[in-house]
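Participant: Sharing a structure here in structure tokens format.
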Ligand SMILES: Cc1cc2nc3c(=O)[nH]c(=O)nc-3n(C[C@H](O)[C@H](O)[C@H](O)COP(=O)(O)OP(=O)(O)OC[C@H]3O[C@@H](n4cnc5c(N)ncnc54)[C@H](O)[C@@H]3O)c2cc1C
Ligand SMILES: NC(=O)c1ccc[n+]([C@@H]2O[C@H](COP(=O)([O-])OP(=O)(O)OC[C@H]3O[C@@H](n4cnc5c(N)ncnc54)[C@H](OP(=O)(O)O)[C@@H]3O)[C@@H](O)[C@H]2O)c1
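This is the structure in structure tokens:
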């Protein structure tokens, strides 16, 4: 038994960890009477990758590249390969991941199972939109090869299927062309929520990447920093900047992010960025993965851990719903440092259970303060529900079943593809098995 | 411009996970000419494919061999000289036997002593001969912290690894006046298939490989990895027998 927790560190429980090593032997390794769940890097915040007292199939060492065609940008690899390894391999050869989340320390399998999104959803959709083929291994020994055009039903169930349809052994990804490791970035501070919506609208066609930080304590006049970027041209060819990598070596006894420190953090962050207003070049690592420079930052929230609350609401209700959620957060006081706003575009997701849908997504972090935090979530849930929105399973540790049901109306269809030998804390909490 | 010749590396037991991660570090540094000597070609081909993708300029060869037949071992070493000599040999194969079963079945004990002790020693001997003639190269052998002191739960394996410690010590003595370096690597418990059954804290294989590649680069005579094992084993080796024998380890 080994203690394992996810990124939110809300609890840590014993698991029977089985490391998967060899993609040719997964079938044998999955056999057994107890149910398990695949575990990549545990970068999900809640319980989607956990199975207390049960089996975890750790995929970290399923990490070989299988095939790469530098002419077409097609990469086939095992499911435990890290996105950081793909970027490192591909960018010097003129290719890059078409979609990447805010950390590069996640596996391909995890990125598929949560159908992760990046700052370019409006231009490129989510991770699953770029997968050409998957190999799925079921606990009964069946091996299912699927893709957008063959056995498409299995494909659509597995993309965003949070690990429940089988263990993904390998995947073929279509990378996108990248002339340089740099991006042309524009930073635009704003001080009204309306300005965010205007900026997002006007950036839609000419900017591939966009996202905004938001000061969630600034209630009425919501200030923030809007960032947008395009890949730089091949002419930009500077050596990568030397980043100092910090790390948080231990867990402080209390959350260091609290109602005393947060206004200071937020104000500092706003003013530092205000000084950077305008255009500049940024290396892809600094632009996509700013948090990766501080290893173990999740420990800052102390021993009780923290929640991330990420919702998406359709455009027609977005303004009102986000105003309401920010008002609740400001009233709660102990709000979020990493509050992010971003629009999702029209490209429809490849998975039946994928999180991204057209609209606006708001991400908020909260230290775990027990029942006070739960009461806040109830109020936020009501807003999301009323606005026909949904919460992101990769971040969830507590959503009520009715919100899950209304947010994911294709659940019944999805369950036909479920592998009965697989179960997670999240599946038992939300589906009951 | 003349291209500098590729560094030539041979890994004996090229399917080992620790060795695979060393190989990844080597190909990420520069293009190398790497031979994986293995008993099972099929498995090695997926490692070779991965390494070729990581560095398309590298040459990656797979060579099947018998690991316990002295003449086959000699042939592997001779062949690598015919191909132009070697800069680094990493002898990595090994298998963790079940101690209790070895006590009941001498063939199992024999097998374990052979594959973990005799076989790597013979590979080292065969390559050392060629390296002395060439007057260069680094010969690295993976032993184990288990070779530092025999204990009841694991002494068949430990004894074989202890054999390697003594063997490399002798080679180091013999080669002291040459430019050939002999390196003994002693990993602690590491996350690889070999330890799949162990339920304890294991070192990440990436860290272990990094330590090995750096140590080989510097020609360190003994590498403990992770480094803390140097101190832990110093204590274990020096524990008085009456205390040691009362421990259930
Ligand atoms: C700092 C930070 C920033 C982030 N930013 C973003 C962001 O911008 N956008 C976004 O979408 N997400 C973001 N995330 C969330 C993260 O991208 C997802 O949670 C991702 O799925 C984690 O991948 P993982 O490899 O750690 O998988 P895990 O968290 O270990 O597992 C996630 C799910 O994938 C399943 N799974 C893993 N491997 C396999 C496999 N081989 N076969 C089948 N199922 C498998 C698991 O069972 C589980 O259901 C962020 C997380 C962090 C910590
Ligand atoms: N992992 C640890 O905790 C640890 C600790 C201390 C020392 N070590 C040593 O580190 C070295 C590498 O091991 P690892 O951790 O990388 O484990 P591994 O991945 O299991 O590798 C062991 C390798 O040895 C090969 N092998 C085993 N028996 C063989 C035989 N009879 N003939 C030929 N080859 C044989 C295996 O080949 P196949 O793949 O073809 O089976 C395999 O490639 C070994 O010498 C081991 O003793 C490991």
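Protein chains in written order, with the working numbering: chain W, 1 to 433; chain G, 1001 to 1249.
Where a beta carbon is used, it is the ideal one built from N, C-alpha and C, also for glycine.
Since we're looking at a predicted model, the values are computed, not measured.
Can you tell which of W:341, W:14, W:353 has the C-alpha that lies nearest to the C-alpha of residue 198 of chain W?
Facilitator: W:341
Participant: Is residue 73 of chain W a contact residue of ligand 2, with contact defined as CB to any heavy atom under 6 Å?
Facilitator: no
Participant: State the Cα-Cα distance for the pair residue 1186 of chain G and residue 1148 of chain G, rounded to the nearest angstrom.
Facilitator: 9 Å
Participant: Around ligand 2, what residues have a beta-carbon under 5 Å from a heavy atom of it, in chain order?
Facilitator: G:1013, G:1015, G:1016, G:1017, G:1018, G:1039, G:1040, G:1067, G:1092, G:1093, G:1094, G:1095, G:1115, G:1142, G:1144, G:1187, G:1189, G:1190, G:1192, G:1193, G:1194, G:1195
Participant: Is the separation between the beta-carbon of residue 215 of chain W and that of residue 270 of chain W shorter than 7 Å?
Facilitator: yes
Participant: Any heavy atom of ligand 1 closer than 6 Å to the beta-carbon of residue 216 of chain W?
Facilitator: no
Participant: Taking C-beta pairs closer than 8 Å, name the residues in chain W that residue 1049 of chain G reaches, listed in chain order.
Facilitator: 64, 65, 66, 67
Participant: Does the stretch 102 to 119 of chain W touch the stretch 291 to 299 of chain W, meaning 3 or more C-beta pairs lie closer than 8 Å?
Facilitator: yes
Participant: With burial defined as no fewer than 16 other Cβ atoms inside 10 Å of the residue's Cβ, what is the status of residue 146 of chain W: buried or exposed?
Facilitator: buried
Participant: Between the C-alpha atoms of residue 9 of chain W and residue 1007 of chain G, what's the straight-line distance to the nearest angstrom?
Facilitator: 45 Å
Participant: Scan the stretch 1056 to 1090 of chain G for residues whose Cβ lies nearer than 7 Å to a Cβ of chain W and list them as they occur along the chain.
Facilitator: none
Participant: Here's the rule I'm using: 16 or more other beta-carbon atoms within 10 Å means buried, otherwise exposed. How should residue 1221 of chain G be labelled?
Facilitator: exposed
Participant: Where does residue 283 of chain W fall in DSSP's three states?
Facilitator: strand
Participant: Inspect the beta-carbon positions of residue 1219 of chain G and residue 1179 of chain G and report whether they are closer than 7 Å.
Facilitator: Residue 1219 of chain G is not a Cβ neighbour of residue 1179 of chain G, given a cutoff of 7 Å.
Participant: Mark residue 396 of chain W as exposed unless 16 or more other C-beta atoms lie within 10 angstroms of its C-beta, in which case mark it buried.
Facilitator: buried
Participant: Whose C-alpha, out of W:311, W:296, W:258, W:354, is nearest the C-alpha of residue 437 of chain W?
Facilitator: Residue 437 of chain W lies beyond the residue range present for chain W, which begins at 1 and ends at 433; the question has no answer from this structure.
Participant: With 8 Å as the limit, tell me which residues of the stretch 284 to 298 of chain W have their beta carbon closer than that to any beta carbon of chain G; keep them in chain order.
Facilitator: none
Participant: So residue 1138 of chain G packs on residue 1183 of chain G, CB below 8 Å; how close in whole Å?
Facilitator: 6 Å
Participant: So what's residue 118 of chain W in DSSP terms, helix, strand or just coil?
Facilitator: coil
Participant: Have a look at W:383, W:117, W:213 and flag the residue whose alpha-carbon is nearest the alpha-carbon of residue 322 of chain W.
Facilitator: W:383
Participant: Buried or exposed, going by whether 16 or more other CB atoms sit within 10 Å of the CB of residue 224 of chain W?
Facilitator: Buried, because 16 or more other Cβ atoms sit within 10 Å of the Cβ of residue 224 of chain W.
Participant: By Cβ distance, which residues of its chain are closer than 6 Å to residue 1001 of chain G, with the 5 residues on each side in sequence left out?
Facilitator: In this prediction, residue 1001 of chain G scores a pLDDT of 49, lower than 50, which makes its location untrustworthy; no coordinate-derived value is stated.
Participant: Under 6 Å: does the beta carbon of residue 300 of chain W sit that close to some heavy atom of ligand 1?
Facilitator: no
Participant: Helix or strand or just coil, what does DSSP make of residue 1042 of chain G?
Facilitator: helix
Participant: Compute the distance between the beta-carbons of residue 300 of chain W and residue 336 of chain W, then report whether it is under 7 Å.
Facilitator: Taking 7 Å as the Cβ cut-off, residue 300 of chain W and residue 336 of chain W do not qualify as a contacting pair.
Participant: What residues of chain G sit near residue 1 of chain W, judged by a beta carbon separation below 9 Å?
Facilitator: 1199
Participant: Taking a Cβ distance cut-off of 8 Å, strictly less, list which residues of the stretch 133 to 144 of chain W are near chain G, in chain order.
Facilitator: Residues passing the 8 Å Cβ filter: none.
Participant: Are residue 27 of chain W and residue 141 of chain W closer than 7 Å when you measure CB to CB?
Facilitator: A Cβ-Cβ contact shorter than 7 Å links residue 27 of chain W with residue 141 of chain W.
Participant: Please confirm whether any heavy atom of ligand 1 lies closer than 6 Å to the CB of residue 1024 of chain G.
Facilitator: no
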